Structures are given as structure tokens and as C-alpha cells.
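Participant: Right, I'll just put the structure down here and ask away after.
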Amino acid sequence: MLNKLRFPIRFKILLTLLVVITTVVSLITFIMANLFHEDKTAYIYDLTATTSLNAASKTETLLTGYQERLQVFTRLMLDRSIPSKAKATLLQKTFTDFEDFVSITLHQEGREPVTVFDARMLEKRGLTREAIDRDQKENPLPINSILDGQVFIENSTLSRKLPVMTLAVANPDNSERDKTVTSARIMLNRLNSLNQQSQVFDTYIMTGSGTLLSHPDLGQVIDRQNLVLPLNLDDISRGEQLSSVRDYRISGIDYIGGIAPVRTGNLIAVSQVPKSAAYLTARELVTNMLLLSLILLVISALLSLIWSRLITRPLESLSHATRELGKGHFNVNISSTSRDEIGDLANSFNTMADELDDREQSLKETQSALVQSEKMSAFGQLGAGIAHEVKNPLAGILGLTQLSMRKIEEDSPIFENLSLIEKETKRCQMIMENLLKFARKDEVAFDSVDINTVLENTAAIVEHQLSINRVKLQKELDPDLPRIEGNANQLQQVLMNLMINAQQAMKGEPGTVTVRSLPGGNGNIKIEINDDGPGMPEEIREKIFEPFFSTKPSGEGTGLGLSVSYGIIKEHNGTITVNSKPGEGASFTLDLPPLGGAIS
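Each number in this note's numbering corresponds to the 1-based position in the sequence shown with 14 added.
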């Protein structure tokens, strides 16, 4: 099987070039992708660290503002010089100016905490003062740590409609006797929106214990979820380093995270991005490079095909000429321009084609002689019958008819009958002239031929012989057929041969021979000669056009009739086929191209 596969030279050239180009482009793509990956990694790490520092800075600025406002509130509450009514008005204005504040609680040593809140906001968010007081008792503040200067911040959300944090600071004016801590419940909306401005990085703020204060998923903040990072958060929150970048995995996803401490409240700002998203641009670069490589390969393939085409064109011309030679077109010639082995081969081919053309001309001359021989043989058979049956009585009939017409007046009914006899006698003479004309050898020259005229002339010749053998000749001719280019004498020979063969196949039994002319496929002209004789088996049908093959008894046929007919039709660029089965008669079909056309 493999030995029969054909692998042209141009494909070998193409394959070699493609392998070389693919190897070079692959190496370049690999090197560039690695370099870009290294640069991209450094850039992502720097950008992640910068984003976390930015988040930490924004958070620290916001918390510092909250802390300062809380200290202003503490001084206002502790200032005894302000009347109670004016103080209440100022406190109410504090909640109006600082919309983020939900409630403020003053913790003084030895006293019950005093809480001031915005009642309308609590009602709107579904909270009550009792819920806030109960949460403060259940989660007391680390007063001592706050008095030591630590800013306390913790997520203290109680309602899903109101995520808040608790911010607690000590009064900067505390004395040893009067130590005061002020805490406030502040809405987390601003903190959350402040750190969710990046579309690439997920940024969140959490306490040193891991409780979320800000996250892209607000539900995790409302549920006070702890985010577990595979890192030591205490070291990060207490570290002196501004920020650090770490690689870690959460829930099966690899992240690159920038972690920066927030100095106010010992919080931690984290900005992270999945590695798959971080290196998306790198994958796009690789994809673009692969696409460019594919384009280069296609261009290289086209150029290689053109180059290999130039190299192998002489061989293809020689191959095409060889096929034409196999079809019998011996006038093919190859122009030889190269002075190499291919040029020598082309010259040898041209010499061979010329010799074959000479032999073809000799064969045509021989075939012409065979045609004439078969024509004379058929004419001898027909001439004997016609001379015996027609010629001798014909002269007497015509002479007596004309003599009788002289003695009878023209208006006599007998004169009309004699005129008819004279006309039919002259028609018989015309048949005789056609037979003599057919017997003469003509030059094989092609002219414009009306095939129906050829059929009519042939029928006039053979109709008498068919009738005396009890065979009826029927004609079904299409009058609108185009003319063909051919030799009427040769075509008449083929048609007569087929009609006589049909009559002889019936062996004296009565029958019918039908001749049809009709349009064929692709504009061709079709001629059908059908008989209702005994037909023929397949083994005879396959050999019927072979020279010297005959089913007639010895001495009654030469076996050249159908082979000569086949050659004549082939010279007319047509085809002749036979369809027959035993007991179903035979049908010969001729396909001939119209004038100026070629059969397909």
C-alpha cells in the first residue's frame, strides 16, 4: 500500500521548508514568551504591592477622619460650659454632618456608658437601642488597651441592612482621675466602596484576627466572616515593612496578593488577583504569536508551492503530454528550454510523438481501404438483388409507360395512372443512381451534413431489400435537429451496415427495424437503430466491434462491418454503443456532436 503512494517533488520541497520555518518560529515564540512572562511577573508583583498600599493609605485616611470626628464629639460631651439644650442641638447636628455615624457611646470609668444615636436611622434599618446595648454588654471593649493608646476597630454588624464597625479611641485629654473612652458604630458603606474601584484586583480590609471590614462580596462583611489566609497576619499587622507580595492558594485557586498594614487600628489591606487573570495578557500574546506563526507558515507554503511549481512545471508538462498521447492526440509537442536530463527527455518524447503520428496516418489509410472494401462487399450483395429484381423490368416498365402516355389524352384517368407509374419508375432509377454513387470511392472530406437527409437516402437504398425479406422499415426523424460536420458517404455506410445487420439477424422472419433521430445530451445528436430480432448474449455483445469477429457462417461475412463503422464514428468525434439482451432485440445508438461542437 505504501509503495503505491505518490509523493510529488514539490511537496517534498514544501515539507522541507515548512519544517525549517516551523522550527525557527517555534524557537522564537518560546523565547519571546518566556521573556514576556518574566517581565509580566515583575510588573504584576509591583502593581499588586502598589494597589495594596493605595488601599491601606485610603483606609488609614478615612479612619483618621473618623477618629478626629469622634474626639470632637468627646470634647463636646465633656464640656460642662455648654448648656444642655445647646449641647443636644450640637449632638443632633453631629449626626447630620457625619452621616456615617449610627451611634456614639461615652465610656467613663465608674459610670454607666452613655449612648447617643440617630433614632430615625435605627428605625429605618430595623435596629433598636436595646439591640445595640445588648451587643455592647456581650462584646465589651478592651478599655485598658484603648486607654494605652490603641485604636480599637471591629466588625459589629447586627442587621443585614446596616453593616457597621465599632471604632473606639481614648480621650486625648484624659487625666489620671477622669479616664474616658469613646466608641462609635460607623457604617461600612464608604469603606467598602472606597476599596472596590479596581476591576482587576479584589481588595478587602480585615482586622488582625481576620474579620472582614470590606470585601467585594458585601455578604461576607455582613456575616462577620473571618478570611483565613495561609499567612501570619499578626506579623504583617505589626511589621515595619510597607507592603509585601505573596503567592498563596484559596479554595483551589492560585492568587498573587499584595498585603499592606493599616497603622490605624492594626488593620490589614489585601489586594489580590488570580494568577489566571494576571497572565491573561501573556496568553493573549502567545495566541497572537501563534496566529502570526500560522500566517507565516501559510505564506511560506504559498511561496514554496510557487517555487516548487517552477521547478516541477516541465515534468508536469511532460506528464500532461503523455496523457494526451495516450488519448490518441499524437500532434502534441513539448517545448524544450532546459539543457539537462529533463530537456533530453522532452526531445525524446517529441520524437516518439512524431513517429506515432506517422503510424496513425498509415492506420487511417488502411482503415479507409477497409471501409471501401466493406462498402463494395455490401454493394455487391445489394447490387445483385436490385439488378435481378429491378433493373431488367425497370427499363421495360418505363418504356412501355412512356409509350402508352403518348397514345392517351392527358385528361384521361388512365393518363394520370401512367404518370404515377412513370414517377415511381424514375424514383427507382434515382435509387440505382444512389447505389452507383455509393459504390464509387470518394475523398474523405468533412462538410456540413443534414443527418436526416443521410438517413432518408440510406433508407431509400435498403428499404427494398428489407421489404423482400419481410422486414418493415419505420422512420421517426426529428426535423429540428442541427447539422453536423462529417462525411455523408461514410455515415451512410455505417447506417446501411446497421440496418442490413438488423435484417440479417432476423434470419428471414418478419420484423421491424426502427430508425430514429432525436436530440441527445449536451446538445449532441442521437441516432437509434432498433430491431425486434432475437438479440444477442453478453459474450457476443462485448466482442461485436472487434475486427474479423462475425457470427455469420463462413463465406457470408468478413467480420469488418461493425469495426469499420466504429472507426468511422470515432473519426466523427462520436460514439457508438449497443444494448441488447437475448429475446429482446438489439439497439444501436450513435451520438454525434453538432456542427462546431464536440461530444462530451
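Where is the CB? At the ideal position from N, CA and C, for every residue including glycine. These numbers were taken from a predicted model, which means no experiment stands behind them.
#1: Compare the beta carbon distance of Ser223 and Leu155 with 7 angstroms and say whether it is the shorter of the two.
#2: Go to Val346, then tell me how far its beta strand (DSSP E) extends in each direction, as first and last residue.
#3: Taking only the alpha-carbon atoms, compute the straight-line gap between Arg238 and Ser285 and give it to the nearest angstrom.
#4: Going by C-alpha distance, which of Leu304, Asn511 and Ile273 is nearest Ala69?
#5: Taking Cβ positions, are Leu176 and Ile167 nearer each other than 7 angstroms?
#6: Ignore the nearest five residues each way along the sequence and tell me which others in Pro493's own chain have a CB closer than 8 angstroms to its CB.
#7: Which residues in the same chain as Thr628 place their Cβ atom closer than 6 angstroms to its Cβ, once the five residues preceding and following it in sequence are excluded?
#8: Could you pull the start and end residues of the alpha helix (DSSP H) that Lys101 belongs to?
#9: Is Phe215 helix, strand or coil when you go by DSSP?
#10: With Leu11 and Leu172 assumed to form a contact (beta carbons below 8 angstroms), what rounded beta-carbon distance in angstroms separates them?
#11: From the DSSP output, which residues share a beta bridge with His586?
#12: Rounded to the nearest angstrom, what separates Val183 and Thr301 at their Cα positions?
#13: Which residue from Asp358, Thr62, Asp114 and Leu308 puts its Cα closest to that of Leu77?
#14: Who are the near neighbours of Val527 in its chain, counting only those whose CB is closer than 8 angstroms to its CB and skipping five residues on each side?
#15: Return the CA-CA distance between Asn483 and Glu423, expressed in angstroms with no decimal places.
#16: To which residues does DSSP link Val463 through a beta bridge?
#17: Using 7 angstroms as the threshold, is the C-beta distance between Leu606 and Gly588 below it?
#18: Under 7 angstroms between the Cβ atoms of Asp464 and Arg497?
#19: Helix, strand or coil for Leu172, going by three-state DSSP, please let me know.
#20: On a Cα-Cα basis, can you pick out the residue from Glu82, Asp372, Thr194 and Gly271 that is closest to Gln122?
#21: So, Gly525 versus Gly547, is the Cβ gap smaller than 7 angstroms?
#22: My assumption, with CB atoms under 8 angstroms, is that Ser117 sits in contact with Asp149. Please give the rounded CB distance.
#23: What does the alpha-carbon distance come out to for the pair Gly340 and Ala502?
#24: Take Gly163 as the anchor and find which of Ile35, Ser376, Val508 and Asn185 has the nearest alpha-carbon.
#25: My output table needs one value for Asp492: the three-state DSSP class, helix, strand or coil.
#26: According to DSSP, what are the bridge partners of Tyr262?
#27: Let's test the definition: count the other Cβ atoms within 10 Å of the Cβ of Tyr218 and tell me whether it reaches 16, buried, or not, exposed.
#28: Check this for me: beta carbons of Pro596 and Pro533, under 7 angstroms apart or not?
#29: So, are the CB atoms of Val529 and Leu469 less than 7 angstroms apart?
#30: In chain order, what residues of the same chain lie with their CB nearer than 7 angstroms to the CB of Lys451, ignoring the 5 residues before and after it?
#31: Quick one: grab the DSSP three-state call for Val183.
#32: Looking only at its own chain, which residues have a Cβ that is under 6 angstroms from the Cβ of Gln504, when we skip the five neighbours before and after it?
#33: State yes or no: is the C-beta of Ile264 within less than 7 angstroms of the C-beta of Pro288?
#34: Using a Cβ-Cβ cut-off of 6 angstroms (strictly less than) and excluding sequence neighbours within five positions of Leu509, which residues of its own chain qualify?
#35: Does the separation of the CB atoms of Val130 and Leu105 fall below 7 angstroms?
Facilitator: With the structure as the only source:
#1: The residue you call residue 223 lines up with position 209 of the sequence shown. The residue you call residue 155 lines up with position 141 of the sequence shown. No, the pair does not count as a contact, with Cβ atoms beyond the cut-off.
#2: Start at 1 with the first residue of the sequence shown, and residue 346 comes out as number 332. According to the DSSP assignment, Val346 belongs to no beta strand (DSSP E), since it is labelled neither H nor E.
#3: Numbered from its first residue, the sequence shown carries residue 238 at position 224. Numbered from its first residue, the sequence shown carries residue 285 at position 271. Each residue's alpha carbon lies about 19 angstroms from the other.
#4: Numbered from 1 along the sequence shown, position 55 holds the residue referred to as residue 69. Checked all of Leu304, Asn511 and Ile273; the closest Cα to Ala69 is Ile273.
#5: Counting from one through the sequence shown, the residue named residue 176 turns up at place 162. Counting from one through the sequence shown, the residue named residue 167 turns up at place 153. No. Outside cutoff.
#6: Taking the sequence shown and counting its residues from 1, one reaches residue 493 at position 479. Result list for Pro493: Asn466, in chain order.
#7: Because residue 628 is not part of the residues shown, which for the chain are 15 to 614, the question remains open.
#8: What you label residue 101 is simply residue 87 of the sequence shown in a count that begins at 1. Here the alpha helix (DSSP H) through Lys101 covers Ser98 to Asp111.
#9: Reading the sequence shown from its first residue, position 201 is the one you call residue 215. Residue state, collapsed to three classes: coil.
#10: Look at the range of the chain in this structure, 15 to 614, and you will see that residue 11 is not part of it.
#11: Within the sequence shown, the letter at position 572 stands for residue 586. His586 pairs with nothing; no bridge assigned.
#12: The sequence position of residue 183 within the sequence shown is 169, counting from 1. The sequence position of residue 301 within the sequence shown is 287, counting from 1. Each residue's Cα considered, the two are about 55 angstroms apart.
#13: By one-based count along the sequence shown, residue 77 stands at place 63. Residue Asp114 is the option with its Cα nearest to Leu77.
#14: Numbered from 1 along the sequence shown, position 513 holds the residue referred to as residue 527. So the qualifying residues of the chain are Leu480, Val485, Lys486, Leu487, Gln488, Met513, Ala516, Gln517, Ile543, Asn544 and Asp545.
#15: Locating residue 483 in the sequence shown gives position 469, counting from the first residue. Locating residue 423 in the sequence shown gives position 409, counting from the first residue. Rounded to whole angstroms, the gap between the alpha carbons of Asn483 and Glu423 is 40 angstroms.
#16: In the sequence shown, counting from the first residue as 1, residue 463 sits at position 449. Answer is Ile498, bridged to Val463.
#17: Here residue 606 refers to the residue found at position 592 of the sequence shown. Here residue 588 refers to the residue found at position 574 of the sequence shown. Against a cut-off of 7 angstroms, the Cβ pair of Gly588 and Leu606 comes out as a contact.
#18: Reading the sequence shown from its first residue, position 450 is the one you call residue 464. Reading the sequence shown from its first residue, position 483 is the one you call residue 497. Yes.
#19: What you label residue 172 is simply residue 158 of the sequence shown in a count that begins at 1. In the structure shown, Leu172 adopts coil according to DSSP, grouped into three states.
#20: In the sequence shown, the residue the question calls residue 122 occupies position 108. With distances taken between Cα atoms, Gln122 lies closest to Thr194.
#21: The sequence position of residue 525 within the sequence shown is 511, counting from 1. The sequence position of residue 547 within the sequence shown is 533, counting from 1. Cβ distance < 7 angstroms, so Gly525 and Gly547 count as in contact.
#22: Indexing the sequence shown from 1 puts residue 117 at position 103. Indexing the sequence shown from 1 puts residue 149 at position 135. The Cβ separation is near 11 angstroms, so there is no contact.
#23: For the purposes of this step, residue 340 is identified with residue 326 of the sequence shown, where counting begins at 1. For the purposes of this step, residue 502 is identified with residue 488 of the sequence shown, where counting begins at 1. Each residue's alpha carbon lies about 29 angstroms from the other.
#24: Taking the first residue of the sequence shown as 1, we reach residue 163 at position 149. It is Asn185 whose Cα lies nearest to the Cα of Gly163.
#25: Translated into positions along the sequence shown, residue 492 becomes position 478. In the structure shown, Asp492 sits in coil (DSSP, three-state: anything other than H, G, I, E or B).
#26: Taking the first residue of the sequence shown as position 1, residue 262 is located at position 248. Tyr262 is bridged to Tyr269.
#27: As a working mapping, residue 218 is identified with position 204 in the sequence shown. Buried: at least 16 other Cβ atoms inside 10 Å.
#28: For this step, residue 596 is matched to residue 582 along the sequence shown. For this step, residue 533 is matched to residue 519 along the sequence shown. It is not a contact, given that the beta carbons lie outside the stated cut-off.
#29: On the sequence shown, residue 529 is found 515 positions in, with the first residue counted as 1. On the sequence shown, residue 469 is found 455 positions in, with the first residue counted as 1. It is a contact, given that the beta carbons lie within the stated cut-off.
#30: As a first step, residue 451 is located in the sequence shown; it is residue number 437 there, counting from the start. Reliability of the predicted coordinates at Lys451 is poor, the pLDDT of 47 falling under 50, and the value obtained from them is presented with this limitation in mind. Closer than 7 angstroms at Cβ, skipping near neighbours: no residue.
#31: Within the sequence shown, the letter at position 169 stands for residue 183. Note: Val183 maps to strand in three-state DSSP.
#32: For the purposes of this step, residue 504 is taken as residue 490 along the sequence shown, with counting starting at 1. Ile582, listed in sequence order.
#33: For the purposes of this step, residue 264 is taken as residue 250 along the sequence shown, with counting starting at 1. For the purposes of this step, residue 288 is taken as residue 274 along the sequence shown, with counting starting at 1. Cβ atoms of Ile264 and Pro288: not closer than 7 angstroms.
#34: Numbered from 1 along the sequence shown, position 495 holds the residue referred to as residue 509. Once the five neighbours on either side are set aside, the close Cβ partners of Leu509 are Thr472.
#35: Translated into positions along the sequence shown, residue 130 becomes position 116. Translated into positions along the sequence shown, residue 105 becomes position 91. Using a Cβ distance threshold of 7 angstroms, Val130 and Leu105 count as a contacting pair.
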